[in-house]
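Enquirer: One structure, as structure tokens, below. Some questions next.
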Amino acid sequence: MGGDGGGGSALKDIMSGTVAGFAQVAVGHPLDTIKVRLQTQSSTNPEFSGMVDCFRKTMAREGASGLYAGAAAPLWGAMAHNAGVFFSYGMSKKIVGGGKELTIPQYYAAGSLAAIPISVVEAPVDLFKIKLQAQVGKGEYDGVFDCGRKIFKSYGIKGAYQGFSAVLLRNIPCFGAYFFCFEGTKQAFTKPGEQPSLTTCFAGGAAAGAGFWGVWYPLETLKTRMQGDHVDPSKRLYSGLVDCFKKTMAEGGAAFYKGFTPSITRAMPVNGAIFTGFTAAQRALA
């Protein structure tokens, strides 16, 4: 998610995005699984007391494979997602800046604009991943393709875009903050006329990850709850985004921050790896 600042070719973005996507899943998926399980467990009778307890129980019951439950979806999805993010962000920078160097606030606007096409690609991939991660032990779905097939067969394209409004609501401000933090950090630690070091790119990625989750995390909770809700509309706990907000609020403000610790713990190293991998690949392909 992101780049070295300039607009590279689409092919370079796709190839570099593949590298970034692999790094994202390899480093971040275990923590993402823990986050989802903490977010989707019952508030009245929670199975896990926290991040460490969730990790311990998952390892005891399912082994390392449990931490990578649903990893196939984000693996191929991350490659397409990162390629799409890099391409969309590059196009958005051209639209916002008119081909000129952007100011830091304009980077926020470009990131927010890029979030719209990003969300269209991300939503179904994230949905399948959440469905697989939320089921503990033997569940309804045998894997990502089985999950996608069953949802499409029973509910069509609408089923695959369950919770799309929440995805969009989260992504527009979050991707603005994401690129704002990356570009700001990169500029702060790079002398004019010099290339940012890979260390700086890692630091910028870590800052971007913190910016993405830090302020807007309640929107992530709403998104995850809506996508983790029953696929059958007649059996859903939430009738829509507003209803999800009201019911979550009724549990208390802390409910919006379920899974925050694993999310922020995951975000900084994972996004550091994403930006470092992407930048290194871009330079190797130059």
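Just so you know, we're using my numbering here: the sequence shown kicks off at 89 and counts up by one. Idealized CB from N, CA, C, for every residue including glycine.
In angstroms, rounded to a whole number, what distance separates the CA positions of Ser180 and Val319?
Expert: Taking the straight line from one Cα to the other gives about 34 Å.
Enquirer: Looking at the unbroken alpha helix (DSSP H) that takes in Ser285, where does it start and where does it end?
Expert: Segment: none, Ser285 is in no alpha helix (DSSP H) and carries neither H nor E.
Enquirer: Could you name the residues of the same chain whose beta carbon sits closer than 6 Å to that of Ala211, not counting the 5 residues immediately before and after it, in chain order?
Expert: Within the same chain, Ala211 has close Cβ partners Tyr249, Phe252 and Val255.
Enquirer: Grab the span of the alpha helix (DSSP H) containing Pro357 for me, first residue to last.
Expert: Where Pro357 is concerned, the enclosing alpha helix (DSSP H) stretches over Phe348 to Ala372.
Enquirer: Could you name the residues of the same chain whose beta carbon sits closer than 8 Å to that of Val113, not counting the 5 residues immediately before and after it, in chain order?
Expert: Same-chain partners within the cutoff: Ala159, Pro162, Leu163 and Ala166.
Enquirer: Whole angstroms are fine: how far does the CA of Gly293 sit from the CA of Ile362?
Expert: Each residue's alpha carbon lies about 7 Å from the other.
Enquirer: Closer than 7 Å by C-beta to Thr411: which residues in its own chain qualify, once you throw out the five before and the five after it? Chain order, please.
Expert: The shown model of the chain, from 89 to 374, leaves out residue 411, and the question about it has no answer.
Enquirer: Which of helix, strand or coil does DSSP assign to Gln250?
Expert: Here Gln250 sits in coil by DSSP.
Enquirer: Take every Cβ of the stretch 195-211, pair it with every Cβ of the stretch 260-274, and state whether three or more of those distances are shorter than 8 Å.
Expert: Flag = yes, the stretch 195-211 and the stretch 260-274 touch.
Enquirer: In chain order, what residues of the same chain lie with their CB nearer than 8 Å to the CB of Ala222, ignoring the 5 residues before and after it?
Expert: Val124, Arg125, Thr128 and Gly316, listed in sequence order.
Enquirer: Check whether the stretch 301-317 touches the stretch 346-355, taking contact to mean three or more Cβ pairs, one atom from each stretch, closer than 8 Å.
Expert: The stretch 301-317 is in contact with the stretch 346-355.
Enquirer: Output needed for Phe136: all residues of its chain with C-beta closer than 8 Å, excluding positions within five of it in sequence on either side, in chain order.
Expert: Answer for Phe136: Arg125, Leu126, Gln129, Cys142 and Lys145, listed in chain order.
Enquirer: Output yes or no for whether 8 Å exceeds the beta carbon distance between Phe67 and Ala298.
Expert: Absent from the structure is residue 67, since the part of the chain shown begins at 89 and ends at 374.
Enquirer: Is Gly91 buried or exposed, if buried means 16 or more other CB atoms sit within 10 Å of its CB?
Expert: With a pLDDT of only 43 at Gly91, under 50, the local geometry of the prediction cannot be trusted, and the value read off the model is given with reservation. Buried, because 16 or more other Cβ atoms sit within 10 Å of the Cβ of Gly91.
Enquirer: Terminal residues of the continuous alpha helix (DSSP H) containing Gly116?
Expert: From DSSP, the alpha helix (DSSP H) with Gly116 extends over Ala98 to Thr128.
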